[in-house]
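Beneath this line is the structure, given in structure tokens, with notes to follow.
There are 4 protein chains.
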Amino acid sequence: MMGDDSSIVQAARVSRGTGTKGRRQDEELIRYLMRQRHTSPFEMCEIKLHVRVPMDCWRQWIRHRTANVNEYSTRYSVAIEAMASTQPDHWRRQAKGNRQGSEGSLDIETGRMLSEGEQNIQQACRRVYEERLKAGVAREQARKDLPLSTYTEAYWKIDLHNLLHFLELRMAPNAQYEIRQYANVIGYEIVSKWVPITWQAFLDYRLNAVQFSRIEIELLKDLCAGRVQSALDGMVKMEWLKEKKGVLAPNLEAQEFGAKLETLGLQKPWER
Amino acid sequence: MMGDDSSIVQAARVSRGTGTKGRRQDEELIRYLMRQRHTSPFEMCEIKLHVRVPMDCWRQWIRHRTANVNEYSTRYSVAIEAMASTQPDHWRRQAKGNRQGSEGSLDIETGRMLSEGEQNIQQACRRVYEERLKAGVAREQARKDLPLSTYTEAYWKIDLHNLLHFLELRMAPNAQYEIRQYANVIGYEIVSKWVPITWQAFLDYRLNAVQFSRIEIELLKDLCAGRVQSALDGMVKMEWLKEKKGVLAPNLEAQEFGAKLETLGLQKPWER
Amino acid sequence: MMGDDSSIVQAARVSRGTGTKGRRQDEELIRYLMRQRHTSPFEMCEIKLHVRVPMDCWRQWIRHRTANVNEYSTRYSVAIEAMASTQPDHWRRQAKGNRQGSEGSLDIETGRMLSEGEQNIQQACRRVYEERLKAGVAREQARKDLPLSTYTEAYWKIDLHNLLHFLELRMAPNAQYEIRQYANVIGYEIVSKWVPITWQAFLDYRLNAVQFSRIEIELLKDLCAGRVQSALDGMVKMEWLKEKKGVLAPNLEAQEFGAKLETLGLQKPWER
Amino acid sequence: MMGDDSSIVQAARVSRGTGTKGRRQDEELIRYLMRQRHTSPFEMCEIKLHVRVPMDCWRQWIRHRTANVNEYSTRYSVAIEAMASTQPDHWRRQAKGNRQGSEGSLDIETGRMLSEGEQNIQQACRRVYEERLKAGVAREQARKDLPLSTYTEAYWKIDLHNLLHFLELRMAPNAQYEIRQYANVIGYEIVSKWVPITWQAFLDYRLNAVQFSRIEIELLKDLCAGRVQSALDGMVKMEWLKEKKGVLAPNLEAQEFGAKLETLGLQKPWER
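Chains as they are written, first to last, in the working numbering: chain B, 1 to 272; chain V, 1001 to 1272; chain W, 2001 to 2272; chain F, 3001 to 3272.
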């Protein structure tokens, strides 16, 4: 790691032409920077992680372009002999509402069958890989049918600003379970100890912040003033709500708005 | 595509405060920019490609960070039902000298056996994938044991400067065969027609240029002046050459130097 | 320009494996992408602008790193003979609350004096520059004392996602007046016509969205439930409010919260 | 600083699946990586510099986009009261051949006059700046006519690969004198001590390497084989040489080739 909370303060103050001050004022400054999205001071901290990740998950990871990467080469070396396996109670059901998500688990019986099938196919793939190597096939070609569950390793180096952006996206509930586990460990176990003031500010102003669109602000204004019918009329007009069999059914955007109302302890107007 | 050869000229001339000139002068300017590595004018051209690539190859492709990418999502949709297959005479032998390369082909009998094994394992993987989907497993999880040979699709958008950098690396003889085929098509079929002046300059000053290190320049100076023994002594001292059973054996760097001497029509001094 | 609203849809759908649909569904998709911060499809559009900007302003502009730039070179050519001048009624007063802002204008008398002084110093600087050139000084050195108000020109090429990020920051009320004028023209005159659906989504979900921090959400929850005293107590405890001469004075963060309450039509609790 | 020579080795070996080895083998590996342009391991080292630079020079510096920057803000604070001044014997003459360069110095008499003029205009600019501040003008506006010679300060953080690229361009003879001085200090005083093996490899394979274009290789081949006339004919045909008053005058590209021949101890064929 390079830098810590104090490096952020130092960098922000170069733009201000003054030196470091007391702990209290430093904390206020960091929180101000996070709140106002003055991101460049957070780029002054850098961290390098040695990670071991299934290639499937790595495919998502590597989409974050602002990082330095050195990955284990299966052109140069024999592929790591380890694949991600799934416990019988860990097979997740395809989500209904969200096409790219999962919800709940399959029953344990099905799970057992799937886990067994997983082990078989992984062993078969490895056997084919090793047969190829034995026959003299180049490593770069032999690997072509390894399963995506095969582990890879990498050094991954990134600055704190871009790391927080990674965490914001990958700790989110709609991130895939597997990468979310990595993100949670990086966030709660590593970053929180490395830059504790920044981490708290991140939780307060980014991860747990709630954003209301221009339209939601208008609706919320109505609701705060008790103009419930006006809000409902607006939502119907925008087709956020559609009458189905006598009840108002919310579309995706209305459901998102409803979830935000809940965090405010407010009732969804279409459920009154 | 956005821009062409003339956009490069236009951009270079903004830095010069003058407008476009005749074809001849434009060509001279582009060649000058390429030669002097004034790269920013080449960034004024942009191209978007729709590519279909096996994931194995895509893993290398995506390492080029300065591009815009939208990839087919196997979280959202069922994975493409196509995998890269290998003809019996296309199984490449592991290279001896270069740990990360291949050289020559395996015999056709072995090739036939390997191609059959390939087909079997790919079908088995797909079957497992589809069984999982049928059992209700979320797509994001079901895909975990798809082979790396599975095709993906993407829109890939990049500026000309970064594209030429990609091509320089991926058209090189030490790039993996599979990605080299894509690079060759992009270069010779697309870029050469899109920006013909730039393409010729790229071939002359980048792809087919030869670089001599400070040390090689010293050795070449000796050789040009007929001081062969002096060059040999230098190479022995640096351990580029080692006596093995009465002959001088070149190390990797000496072999690279030897290849450059060949392009100059010069004999390798240790082979005289 | 390269691409438009439909390119965004096309790119998003590659990740989904389906083609373009009707106008209504395309609009919904673009708005969904903007709302959920799926940014990569917006990178499929690219724009190139030819801009003329005072160097002072360009210094801020160029801090946005994800763009391609070719700037007029005052090493190669004589500097552009134009400097940004200020009308007598356009001299802005230093802001009190915000150290890096301005508020209101100076009186016209002072303004006249300052505008005259501006013209004099600019002419003097240009005279010195031209004397140096006449004496044979290299352009790269002669330019060293040109004022920051000297105009420069550049081709500036950027993808739509990064352009929107630029606009979000530079159209904000706390951006400097000069660059804000450029941002407004780019946004309202150019982008709004180029990608009208995206522009509207940007206004709704980004530019005019309001974000509440975790802490503000807690306070708002209290206020919505009528627990005004609880909210006030919380704010005092966090030192957002401090008693000064019998009244509760809000700190910077409380003032920001107060402004958000206003957009909701709610009273600031410390002003009741 | 983060990392050193051994971090590069470690990163390269993750891609190879093996740990660190002896000093000799580490050196060989680093030199191999530099030679083969395997750049990613060099990104594992990071350095942060606190620099004080005239804005004129900073304008060139900041064009290198792959760095993290926090600059002194003249919106927030009063501008640094220091400007780059020029000794009477340091005024450089405009180059004849190279439109964007300088060569030699002006005579000391002219130099004295220019240095005096420089001091006067800088003082006048500062006076105007301070009068504006005194009249209450916002700092962000008052600064608009500060000369480009005004010093700024910044924290500048960059990885080693991108730093070496910066140094390659800015230590080059055609880089402007002012930034070249900074580059030389960073290179020879800082990087050389931080990562000595990498620095030596950089000098050997990058900074002091010589590249020959495809065309130059052809010409050199002729010259090495003693086919001088063939080389000359080729150069005339390509218009690298033009007869002027009975002698062959080389164009810019031929002059560049001539300089390379000199490093090889070879005569320029058109001067025989």
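Glycine included, every Cβ here is placed at the ideal spot set by N, Cα and C.
Predicted model, so just to flag it, every value in this text is computed and none were measured.
To which residues of the same chain is residue i closer than 7 Å at the C-beta, ignoring the five residues directly before and after it?
i: Phe3212/F; result: Leu3220 and Lys3260
i: Arg2180/W; result: Arg2170 and Met2171
i: Ser1192/V; result: Trp1199
Can you tell me the Cα-Cα spacing of residue i and residue j, whole angstroms?
i: Arg1170/V; j: Glu1189/V; result: 15 Å
i: Glu216/B; j: Phe257/B; result: 7 Å
i: Ala138/B; j: Gln1100/V; result: 8 Å
i: Arg272/B; j: Met235/B; result: 15 Å
i: Gly3022/F; j: Glu1239/V; result: 17 Å
i: Trp270/B; j: Pro2041/W; result: 33 Å
i: Lys242/B; j: Arg112/B; result: 42 Å
i: Asp3204/F; j: Arg206/B; result: 47 Å
i: Gln1200/V; j: Leu1167/V; result: 14 Å
i: Ala1142/V; j: Gln141/B; result: 25 Å
i: Gln229/B; j: Asp222/B; result: 9 Å
i: Lys1244/V; j: Asn1251/V; result: 12 Å
i: Arg3092/F; j: Thr3110/F; result: 11 Å
i: Val2014/W; j: Tyr72/B; result: 29 Å
i: Val195/B; j: His161/B; result: 12 Å
i: Leu3248/F; j: Val3210/F; result: 25 Å
i: Glu153/B; j: Ala82/B; result: 11 Å
i: Lys2237/W; j: Ile3080/F; result: 40 Å
i: Gly1187/V; j: Leu1163/V; result: 9 Å
i: His1038/V; j: Cys1125/V; result: 49 Å
i: Ala94/B; j: Leu146/B; result: Sequence check: residue 94/B is Gln here, not Ala. Rounded to whole angstroms, Gln94/B to Leu146/B spans 25 Å at the Cα level.
i: Leu49/B; j: Ile2108/W; result: 60 Å
With a cut-off of 8 Å on the beta carbons, I'd call residue i and residue j a contact; round off their distance for me.
i: Ile3030/F; j: Ile3197/F; result: 5 Å
i: Asn70/B; j: Tyr182/B; result: Wrong, their Cβ atoms sit about 18 Å apart, outside the cutoff.
i: Asp26/B; j: Val9/B; result: 5 Å
i: Met2034/W; j: Met1002/V; result: 23 Å between Cβ atoms; not a contact.
i: Arg2132/W; j: Leu3133/F; result: With a Cβ gap of about 28 Å, Arg2132/W and Leu3133/F do not count as contacting.
Could you check if residue i belongs to the surroundings of the ligand MG, using beta carbon to heavy atom distance under 7 Å?
i: Ser1213/V; result: You won't find the ligand MG in this model; it holds no ligand whatsoever.
Which same chain residues end up closer than 8 Å to residue i when comparing Cβ atoms and leaving out the 5 residues on each side of it in sequence?
i: Glu3178/F; result: Pro3054, Asp3056, Cys3057 and Ala3084
i: Arg1285/V; result: With chain V covering only 1001 through 1272, there is no way to say anything about residue 1285/V.
i: Ala1254/V; result: Met1235, Trp1240, Leu1241 and Trp1270
Identify, in the order they occur along the chain, each residue of the same chain with its Cβ nearer than 6 Å to the Cβ of residue i, setting aside the five sequence neighbours on each side.
i: Leu232/B; result: Pro269
i: Ser2007/W; result: Met2044 and Cys2045
i: Gln1060/V; result: Ile1179
i: Ile2158/W; result: Ala2067
Quick one: list the residues of chain V neighbouring residue i, beta-carbon separation under 8 Å, in chain order.
i: Arg93/B; result: Gly1136, Val1137 and Ala1138
Using the beta-carbon of each residue, which ones in chain B are nearer than 8 Å to residue i?
i: Ala3012/F; result: Asn70
i: Arg2035/W; result: Ser213, Glu253 and Glu256
i: Val2009/W; result: In chain order: nothing, as chain B lies at least about 16 Å away.
Interface residues of chain V around residue i at Cβ under 7 Å?
i: Ala124/B; result: Ile1121 and Ala1124
i: Leu3266/F; result: Cys1224
i: Ser102/B; result: Ala1138, Glu1140 and Gln1141
Which residues in chain F sit within 7 Å of residue i, going by Cβ to Cβ distance?
i: Glu2130/W; result: Neighbours of Glu2130/W on chain F: none; closest Cβ ~11 Å, over 7 Å.
i: Leu2261/W; result: Going along chain F, no residue has its Cβ under 7 Å from Leu2261/W, so there is no contact; the nearest lies around 28 Å.
Using a C-beta to C-beta distance shorter than 7 Å, which residues of chain A count as neighbours of residue i?
i: Arg99/B; result: Chain labels in this structure do not include chain A; the protein chains are B, V, W and F.
Output, in chain order, the set of chain V residues within a Cβ distance shorter than 9 Å of residue i.
i: Ala3249/F; result: None at all; the shortest Cβ gap to chain V is about 16 Å.
Taking C-beta pairs closer than 9 Å, name the residues in chain W that residue i reaches, listed in chain order.
i: Glu3116/F; result: The contacting residues do not exist; Glu3116/F stays about 11 Å from chain W at best.
Anything in chain W within Cβ reach of residue i, meaning under 8 Å, just list it in chain order.
i: Val236/B; result: Within 8 Å Cβ-Cβ: nothing; Val236/B doesn't reach chain W, min ~17 Å.
Given a limit of 7 Å on CB to CB distance, which residues of the segment 2138-2168 of chain W reach chain F? Ala2138, Arg2139, Glu2140, Gln2141, Arg2143, Lys2144, Asp2145, Leu2146, Pro2147, Leu2148 and Ser2149
Listed in chain order, which residues of the segment 2066-2085 of chain W have Cβ atoms closer than 7 Å to some Cβ of chain F? Ser2073, Arg2075, Tyr2076 and Ala2084
Checklist line | Contact list for the segment 216-233 of chain B against chain W, Cβ threshold 7 Å | finding: Ile217, Leu220, Lys221, Cys224 and Ala225
Interface positions of the segment 1040-1063 of chain V facing chain W (Cβ-Cβ less than 7 Å), listed along the chain: Ser1040, Pro1041, Glu1043, Met1044, Glu1046 and Lys1048
Margin query: Output needed in chain order: residues of the segment 3170-3204 of chain F with a Cβ under 9 Å from some Cβ in chain V.
Written below: For the segment 3170-3204 of chain F, which is checked against every Cβ of chain V, the residues closer than 9 Å are Asn3174, Leu3203 and Asp3204.
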